[in-house]
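*Asks:*
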Amino acid sequence: MSAGPEIAPLLGLVVGQEIPFGGDRVVRVDADLAARFRVGDRLVVVQSTGALLHVPAEVHTVVDDAVGAAVDGFAGLATVGDDAISDFFDRFASALADADVFALIAAANAADVALAEQRGRSTTRLRLDAAMRRDMIAGLRGWRDSSSRRDGTVGRVDHAQWSVEADRAPLGVVGFVFEGRPNVFADACGVVRTGNSVVFRIGSDALGTARAIVDHALEPALAGAGLPPGVVQLVDSPTHAAGHALFSDRRLALAVARGSGPVVAELGAVASQSGIPVSLHGTGGAWMVAAADASSATFGAAVRNSLDRKVCNTLNVCAIVRSEAARLVPVFLDSLDAAAAIRGASARLHVVEGSESHVPAERFRSVVEIARPGGVTTEPAASTIEEATLAEEWEWENAPEVSLVVVDSIEESVSLCNRYSPHFVASLVSDDPEAQSWFAATVDAPFVGNGFTRWVDGQYALNAPELGLSNWQYGRTLGRGAILSGDSVHTIRYRATVADHTVKR
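Mapping to this note's numbering: the sequence shown position 228 is 262, numbers consecutive.
(1) Can you tell me whether Asn497 is buried or exposed? The criterion is at least 16 other CB atoms within 10 Å of its CB, across all chains shown.
(2) Any idea what DSSP makes of Asp163, helix, strand or coil?
(3) Measuring only the C-alpha atoms, how far is Ala172 from Val101?
(4) Would you report the Cα separation of Gly513 and Val218, rounded to the nearest angstrom?
(5) Rounded to a whole number of angstroms, what is the C-alpha to C-alpha distance between Leu518 and Val232?
(6) Would you report the Cα separation of Ser330 and His392, rounded to the nearest angstrom?
(7) Suppose only complete runs of 3+ residues qualify. What are the beta strand (DSSP E) ranges in the region 280-307, listed by chain order?
(8) Does DSSP put Ala379 in a helix, in a strand, or in coil?
(9) Rounded to whole angstroms, what's the CA-CA distance from Ala374 to Arg338? Just pull it up for me.
(10) So, at 8 Å on beta carbons, what are the nonlocal neighbours of Ile139 in its own chain, with the 5 sequence-adjacent residues on each side left out?
(11) Below 8 Å on the Cβ atoms is my contact criterion, and I expect Gly206 with Ala118 to pass it. Report the Cβ-Cβ distance as a whole number of Å.
(12) In this structure, how does DSSP classify Pro43 when only helix, strand and coil are distinguished?
(13) Where do the ends of the alpha helix (DSSP H) carrying Asn452 lie?
(14) Given this structure, state the Cα-to-Cα distance separating Gly378 from Phe366, to the nearest angstrom.
(15) Answer yes if the region 175-186 comes into contact with the region 220-237, meaning at least three C-beta pairs across the two stretches below 8 Å, and no otherwise.
(16) Could you check where the beta strand (DSSP E) with Asp11 kicks off and where it finishes?
(17) Thinking Glu435 and Arg397 are a contact (beta carbons under 8 Å), I'd like their distance in whole angstroms, please.
(18) Quick check: the Cα distance between Arg406 and Ile376, rounded to an integer number of angstroms?
(19) Roughly how many angstroms lie between the CA atoms of Arg153 and Trp428, to the nearest whole one?
(20) Would the region 525-538 count as touching the region 187-204 if we require 3 or more Cβ pairs under 8 Å?
(21) Just to confirm before moving on: does the CB-CB distance between Cys346 and Leu438 stay below 7 Å?
(22) Under 8 Å: do the region 472-480 and the region 446-463 share three or more Cβ pairs, one atom per stretch?
(23) At the level of alpha carbons, what is the spacing between Asp116 and Thr423?
(24) For the alpha helix (DSSP H) containing Glu151, list its first residue and its last residue.
(25) Please report the straight-line C-alpha distance between Asp442 and Val490, rounded to a whole angstrom.
(26) Strictly by DSSP, which residues pair up with His384?
(27) Any idea what DSSP makes of Phe486, helix, strand or coil?
(28) Kindly indicate the opening and closing residues of the beta strand (DSSP E) around His88.
(29) Among the candidates Leu77, Arg72, Thr158, Pro456, whose CA atom is the shortest distance from the CA of Val61?
(30) Check each candidate in Leu256, Gly237, Ala326 and name the one with the smallest Cα separation from Arg292.
(31) With Glu253 as the anchor, note down where its alpha helix (DSSP H) starts and where it stops.
(32) Pull up the DSSP beta-bridge partners for Asp201, would you.
(33) Ordered along the chain, which non-local residues of its own chain (more than five positions away) have a Cβ less than 6 Å from that of Ala545?
(34) Taking only the alpha-carbon atoms, compute the straight-line gap between Leu149 and Val363 and give it to the nearest angstrom.
(35) Which residues bound the beta strand (DSSP E) around Gly214?
(36) Cβ atoms of Val269 and Arg215: under 7 Å apart, would you say?
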């Protein structure tokens with residue numbers, strides 16, 4: 035009989051060492067990774083891509099300690115009442131509303147912004163301005179006033195001598211990773227409302243701001259409300275490795291990654307292969323289809339109002355039915371330019387090969403200045419792309435950037451959307467109820483509408499503070515919508531009440 039595989043600690047890596055992944059492939063260790071790896075470090079192998087993620091021992095320790103404290107905090111929450119949780123949110127909001135407290139946080143944020151600008155980084159979402167402060171305070175007070183509680187019976191089955199109740203129960207430790215957005219810090223604390231604890235990892239650009247929020251507002255609120263100190267934990271590390279360590283910690287009950295792009299997709303892969311349920315959209319960007327019967331005014335407003343800023347639900351691809359392209363493409367271009375003008379910028383257009391004849395040739399010859407994270411660049415106002423590039427999410431700072439494709443029919447647009455989109459947000463501009471019904475039934479997206487795309491937001495759409503959005507890029511989520519709110523972060527447990535103890539199977 036075999037004694038089983040021999041297991042030994044990983045003491046180091048050598049150049050060219052083969053690391054299996056995906057069951058039937060190998061990736062080789064490069065010189066840089068081999069040189070950096072030390073005894074006690076961890077290696078996370080992304081099974082879908084073969085990426086080798088190095089987690090230094092000291093980073094793993096920081097994350098391990100934070101999650102351990104959150105585990106203890108979750109257990110401690112069972113001993114405090116819901117009123118104490120409400121008091122925590124009230125105290126947190128009041129601290130942010132206090133001018134003296136916020137001055138300390140604002141100073142830390144100003145330092146973060148200055149450093150990010152020196153590094154050529156985007157500061158669009160990093161600035162904790164008056165509007166963001168108001169939203170954070172309102173969000174925390176929304177959690178304070180929410181009717182959500184940790185318990186509550188959701189079902190009951192009565193038998194002859196006994197009964198079973200299905201009750202809501204807290205989920206556990208929730209891990210959040212988000213890049214450079216201080217407001218998410220307040221949003222994600224919402225999991226405490228339903229009795230969960232939370233561990234944050236924020237991007238290095240906003241780490242100073244996060245530390246100030248913790249020191250001057252969060253921790254005093256926890257202590258004042260009598261909540262266990264481990265209930266909310268900040269992973270105090272600027273490295274991406276901290277996110278990899280957090281999302282591979284099997285003590286998490288749920289992993290939430292805010293944002294989009296390859297980094298977020300990789301984090302989701304790490305969590306999934308670690309057996310942790312995950313909420314994310316690795317790719318964002320909305321699709322809009324203009325049917326032949328689309329009203330010019332309605333379509334123009336929908337485009338313009340979907341491009342007010344760059345977030346995950348911003349219009350990314352527009353498909354226009356060919357039979358009315360001569361009427362609707364100019365509407366689209368005018369609305370795109372109008373959205374850019376509001377921001378004091380010029381638009382950037384990508385046109386799928388075969389559709390360029392519907393766009394004025396002058397737009398392809400013109401150049402515009404575009405502010406990128408690395409600086410201002412001069413680019414053509416319009417250029418052609420391959421059809422497969424419809425899968426790319428355009429990340430823009432101030433100049434709206436969209437792809438355009440002219441299609442033969444709504445059916446073709448749905449086919450393209452299902453093939454190339456992130457399976458996220460889809461909108462059909464049409465007054466035909468049958469077309470709307472067909473579109474909703476056949477397009478593979480959790481958010482479907484008939485106009486502007488920016489409605490996709492938990493707070494805006496459902497009047498519920500949002501913790502995160504997810505798409506169907508990696509499959510549909512069982513029994514839950516794609517808007518993650520505080521109400522979503524729970525599990526169900528069953529309690530039996532036996533009236534006659536002679537009952538047996």
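Even for Gly, the Cβ is constructed at its ideal location relative to N, Cα and C.
*Replies:* Taking the geometry as given:
(1) exposed
(2) coil
(3) 28 Å
(4) 25 Å
(5) 15 Å
(6) 16 Å
(7) 286-291
(8) coil
(9) 9 Å
(10) Leu130, Leu162, Thr243, Ala246, Ile247, His250, Ala251
(11) Actually they are not in contact, since the Cβ atoms of Gly206 and Ala118 sit about 19 Å apart, beyond 8 Å.
(12) coil
(13) 444-454
(14) 18 Å
(15) yes
(16) Not covered by the structure: residue 11. The range shown for the chain is 35 to 539.
(17) Not really, about 14 Å apart at Cβ, beyond 8 Å.
(18) 18 Å
(19) 21 Å
(20) yes
(21) no
(22) yes
(23) 50 Å
(24) 133-152
(25) 28 Å
(26) Ser417, Ser437
(27) coil
(28) 86-89
(29) Leu77
(30) Gly237
(31) 253-259
(32) Thr187, Arg527
(33) In the structure as shown, the chain starts at 35 and stops at 539, and residue 545 therefore has no counterpart that could be examined.
(34) 42 Å
(35) Looking at the DSSP string, Gly214 is not in any beta strand (DSSP E), and its letter there is neither H nor E.
(36) no
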